[in-house]
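Visitor: The structure under discussion is supplied below as structure tokens; questions concerning it will follow.
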DNA sequence: TTGACTCCTTGATGCAGATCAAGCCGAGAC
DNA sequence: GTCTCGGCTTGATCTGCATCAAGGAGTCAA
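Residue numbers (this note's numbering), protein chains in the order written: chain A, 3 to 247; chain B, 3 to 247.
What follows is the structure, encoded as structure tokens:
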């Protein structure tokens, strides 16, 4: 549990252009630089417990974290997947509403809550960017509601894979030479928690998609997609939306 | 389809203290007053079509509207219920992501999108309030994800009724003399769309809750709740959270 | 090498909720 | 009156996914 505290200049930060600080001018960045600090979390570690007092807010710099909710009897639902540049925490509220857990090793760029809130009032660029990001997340959450409420297990799996593929494509913006291929960053159980299924159903549906030639697997986690449009059809999304990126 | 255009001074507006303008100073309000206009919609009318260019944004002044998503084959999921003071539309995006429909007759306080966006840049109070409201909606959407992904039909119905009851209580903040009672603002089919069920299942589960004495019905739409804690148990929510208001 | 892990797959069975179908009730319209 | 029509209930049956259960494959450590 070594807190490997790397320190990076904001100018060199890999998430500089997408995170909550994306709109900041150089002087604003300098002030943020003064109050930021890095924290590392190991895969599996809980970053924030639901109901706890939130001491800090921050951005995921690298790795993947998940936002989950658990019922008393143990039923779990993942309500968000936090990727690099995503923001964690809620200015203006003192306790966390959901558990935040590191799915892989995670590095976060943190700010103590109070100073950050003060900065937000002073620098509209931060609040503007945060509003934009929050609206995007709200749209994403609402699309996920359609998936959870109305899609079949097969459609859910196809949707998840195509979302991960889309993200991959937007990140590496590789000229799609050859079949698209992605690594699943989640275990079967985590996928189940995200999709509102059991892990057995996830496994079965992945096998079925493989048998039907919609995807092929190399190992458990690596998926290649011979025909992305076929996958999108299986996902039951309004077609057209296919346009990667 | 008469556009019954009432005009109200912002100072007298029933949603003045909860809407996007809640934090505005008098001079800011004056400027909003100049660009606002009212529109009325009849129950059943579509306010905004998904995919359409958004010409305006605005607040629900009275009535209830719903935000829905529909798949090509007709499966529908309601992704939000818009009550008085809720904000419709998304500054910074040109096309609507979801259908907005009037569930009851609705009056909206509208702003053309462009002038509103300009105002938002100029007056941080509006952006601040909008951020706050959006964060609340995001939390609500995430709680709904737990409901859609993991709750049983019975729990879903109990959750919906208790949410409506909570709202009712917070609005009228009546000293709860006698059993709490509420009107369901939705048809069985709309409830089904909201909960990710069929209307038959909604009907059956309401009947079951009635048979078990958790609720009682007068007519189809009026529900009384002899014991709110019993209902909350049925909803499967973390207990304690019961505290109405 | 052998166990003990975790992660995953696959099979057999059961059940909650979907689907298909019929009919009730109250409100207009005429 | 009675016709229609939207909203609702209830019954019978079907089915997709959960549940229960067993075992495979890879990794790590002793």
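The C-beta atom is built at its ideal place from N, Cα and C for all residues, glycine as well.
Residue ranges of each beta strand (DSSP E) run of no fewer than 3 residues wholly in the stretch 60-110 of chain B, ordered along the chain?
Guide: Counting only runs of 3 or more, we get 67-72, 78-84, 101-104.
Visitor: Give me the Cα-Cα distance between residue 59/A and residue 34/B, rounded to the nearest whole angstrom.
Guide: Position 57 of the first chain, counted from the first residue, corresponds to residue 59/A. Position 32 of the second chain, counted from the first residue, corresponds to residue 34/B. Looking at the two C-alpha atoms, the distance is approximately 33 Å.
Visitor: Exposed or buried, residue 44/A, counting other C-beta atoms within 10 Å across all chains shown (16 or more means buried)?
Guide: On the first chain, position 42 is the one that residue 44/A refers to. Label assigned to residue 44/A: exposed.
Visitor: Does DSSP put residue 15/B in a helix, in a strand, or in coil?
Guide: Your numbering for residue 15/B matches position 13 in the second chain. Residue 15/B falls in the coil class under three-state DSSP.
Visitor: Does any C-beta atom of chain B lie closer than 9 Å to the C-beta of residue 81/A?
Guide: To locate residue 81/A, count along the first chain from 1; it is residue 79. It does; some Cβ of chain B falls within 9 Å.
Visitor: Can you tell me which of the three DSSP states residue 10/A falls into?
Guide: Within the first chain, the letter at position 8 stands for residue 10/A. Correct three-state label for residue 10/A: coil.
Visitor: Please report whether the beta-carbon of residue 47/B lies at a distance below 9 Å from any beta-carbon of chain A.
Guide: Counting from one through the second chain, the residue named residue 47/B turns up at place 45. With 9 Å as the cut-off, residue 47/B does not count as an interface residue toward chain A.
Visitor: Residues in the same chain with beta-carbon distance under 7 Å from residue 55/B, minus the five sequence neighbours each way, listed in chain order, please.
Guide: By 1-based counting over the second chain, the position of residue 55/B is 53. Contacts found: 96, 97.
Visitor: Anything in chain A within Cβ reach of residue 207/B, meaning under 8 Å, just list it in chain order.
Guide: Along the second chain, one-based indexing puts residue 207/B at 205. Residues of chain A passing the Cβ test: none, with the nearest at roughly 16 Å.
Visitor: How many whole angstroms separate the CB atoms of residue 159/B and residue 207/B, which I take to be in contact at a CB cut-off of 8 Å?
Guide: Indexing the second chain from 1 puts residue 159/B at position 157. Indexing the second chain from 1 puts residue 207/B at position 205. Correct: roughly 4 Å between the Cβ atoms.
Visitor: How would you label residue 116/B, buried or exposed, when you count the other beta carbons within 10 angstroms and need 16 or more for buried?
Guide: Along the second chain, read from residue 1 onward, the residue named residue 116/B stands at position 114. Per the 10 Å Cβ criterion, exposed.
Visitor: Could you check the C-alpha separation between residue 42/A and residue 83/A for me, to the nearest Å?
Guide: Translated into the one-based positions of the first chain, residue 42/A becomes position 40. Translated into the one-based positions of the first chain, residue 83/A becomes position 81. Between residue 42/A and residue 83/A, the C-alpha separation is close to 18 Å.
Visitor: At 7 Å on the CB atoms, spell out the chain B contacts of residue 73/A, in chain order.
Guide: Position 71 of the first chain, counted from the first residue, corresponds to residue 73/A. 152, 238, listed in chain order.
Visitor: Can you tell me whether DSSP reads residue 190/B as helix, strand or coil?
Guide: Looking up residue 190/B in the second chain gives position 188. Helix, per DSSP.
Visitor: Below 7 Å between beta carbons is the criterion; list the residues of the stretch 123-146 of chain B that meet it against any residue of chain A, in chain order.
Guide: Listed by position, the residues of the stretch 123-146 of chain B near chain A (Cβ gap below 7 Å) are 126, 129, 130, 132, 133, 134, 136, 137, 139, 140, 141, 143, 144, 146.
Visitor: Count the other C-beta atoms from every protein chain shown that fall within 10 angstroms of the C-beta of residue 13/A, then say buried if there are 16 or more, exposed otherwise.
Guide: Taking the first residue of the first chain as position 1, residue 13/A is located at position 11. Exposed.
Visitor: Tell me, which residues are paired with residue 220/B by DSSP?
Guide: Looking up residue 220/B in the second chain gives position 218. Answer by DSSP bridge pairing, in chain order: 224/B.
Visitor: What residues in its chain sit with their C-beta under 6 Å from that of residue 4/B, if we drop five residues either side in the sequence?
Guide: To locate residue 4/B, count along the second chain from 1; it is residue 2. For residue 4/B, the predicted model reports a pLDDT of 42, less than 50, meaning its position is unreliable and no value from the coordinates is stated.
Visitor: So residue 211/A contacts chain B; which residues on that side make the cut at Cβ distance below 7 Å?
Guide: As a position in the first chain, residue 211/A is number 209, starting the count at 1. By Cβ distance, chain B contributes nothing, its closest Cβ being about 19 Å from residue 211/A, past 7 Å.
Visitor: Under 9 Å, do residue 49/B and residue 147/B count as touching if we go by C-beta distance?
Guide: For the purposes of this step, residue 49/B is identified with residue 47 of the second chain, where counting begins at 1. For the purposes of this step, residue 147/B is identified with residue 145 of the second chain, where counting begins at 1. Not closer than 9 Å, so no.
Visitor: Does the stretch 189-197 of chain A touch the stretch 227-239 of chain A, meaning 3 or more C-beta pairs lie closer than 8 Å?
Guide: In short, these stretches do not touch, since the Cβ pair count stays below three.
Visitor: Does any CB atom of chain A fall closer than 9 Å to the CB of residue 171/B?
Guide: Locating residue 171/B in the second chain gives position 169, counting from the first residue. It does not; no Cβ of chain A falls within 9 Å.
Visitor: Flag residue 84/B as yes if its beta-carbon sits less than 9 Å from any beta-carbon of chain A, otherwise no.
Guide: On the second chain, position 82 is the one that residue 84/B refers to. By this cut-off, residue 84/B is not an interface position.
Visitor: Taking 9 Å as the threshold (C-beta atoms), are residue 227/B and residue 182/B in contact?
Guide: Indexing the second chain from 1 puts residue 182/B at position 180. Indexing the second chain from 1 puts residue 227/B at position 225. Yes, the Cβ-Cβ distance between residue 182/B and residue 227/B is below 9 Å.
Visitor: When the Cα atoms are used, what is the spatial distance from residue 19/B to residue 90/A?
Guide: For this step, residue 19/B is matched to residue 17 along the second chain. For this step, residue 90/A is matched to residue 88 along the first chain. Each residue's alpha carbon lies about 28 Å from the other.
Visitor: Just to confirm before moving on: does the CB-CB distance between residue 65/B and residue 29/B stay below 9 Å?
Guide: To locate residue 65/B, count along the second chain from 1; it is residue 63. To locate residue 29/B, count along the second chain from 1; it is residue 27. No; because the gap between Cβ atoms is not below 9 Å, this pair is not in contact.
Visitor: Do residue 164/A and residue 239/A have their beta-carbon atoms positioned less than 9 Å apart in this structure?
Guide: Position 237 of the first chain, counted from the start, is the residue given in the question as residue 239/A. Position 162 of the first chain, counted from the start, is the residue given in the question as residue 164/A. Cβ distance < 9 Å, so residue 239/A and residue 164/A count as in contact.
Visitor: Could you pull out every residue in the same chain whose Cβ sits closer than 6 Å to the Cβ of residue 52/A, ignoring the five residues on either side in sequence?
Guide: In the first chain, counting from the first residue as 1, residue 52/A sits at position 50. Cβ neighbours of residue 52/A beyond the five flanking positions: 98, 100, 101.
Visitor: Along chain A, which residues have their Cβ under 9 Å away from the Cβ of residue 98/B?
Guide: Stepping through the second chain from its first residue, residue 98/B is reached at position 96. Result: empty, since nearest Cβ-Cβ is about 11 Å, beyond 9 Å.
Visitor: Can you tell me where the alpha helix (DSSP H) with residue 184/B in it begins and where it stops?
Guide: Walking along the second chain from the start, residue 184/B turns up at place 182. Where residue 184/B is concerned, there is no enclosing alpha helix (DSSP H), although the beta strand (DSSP E) it sits in stretches over 182-185.
Visitor: Once you ignore the five residues that flank residue 122/A on each side, which residues in its own chain have a CB closer than 7 Å to its CB?
Guide: As a working note, residue 122/A is residue 120 in the first chain. Answer for residue 122/A: 93, 128, 129, listed in chain order.
Visitor: Would you call residue 168/B buried or exposed, if buried means 16 or more other Cβ atoms sit within 10 Å of its Cβ?
Guide: On the second chain, residue 168/B is found 166 positions in, with the first residue counted as 1. Label assigned to residue 168/B: buried.
Visitor: Label residue 209/A either buried or exposed according to how many other C-beta atoms from any shown protein chain fall within 10 Å of its C-beta, with 16 as the threshold for buried.
Guide: Along the first chain, one-based indexing puts residue 209/A at 207. By the neighbour-count rule (16 or more Cβ atoms within 10 Å), residue 209/A is not buried but exposed.
Visitor: Going by the beta-carbon positions, is the gap between residue 46/A and residue 104/A smaller than 9 Å?
Guide: The residue given as residue 46/A occupies position 44 in the first chain. The residue given as residue 104/A occupies position 102 in the first chain. A contact, by the Cβ cut-off of 9 Å.
Visitor: What number of angstroms, rounded off, separates the C-alpha of residue 86/A from the C-alpha of residue 225/A?
Guide: Sequence index remark: in the first chain, residue 86/A carries index 84 (1-based). Sequence index remark: in the first chain, residue 225/A carries index 223 (1-based). Roughly 21 Å between the two C-alpha positions.
Visitor: Taking only beta-carbon atoms, is residue 25/B less than 9 Å away from chain A?
Guide: Residue mapping note: residue 25/B aligns to position 23 of the second chain, counting from 1. No, residue 25/B lies away from the interface with chain A (no Cβ there is under 9 Å from its Cβ).
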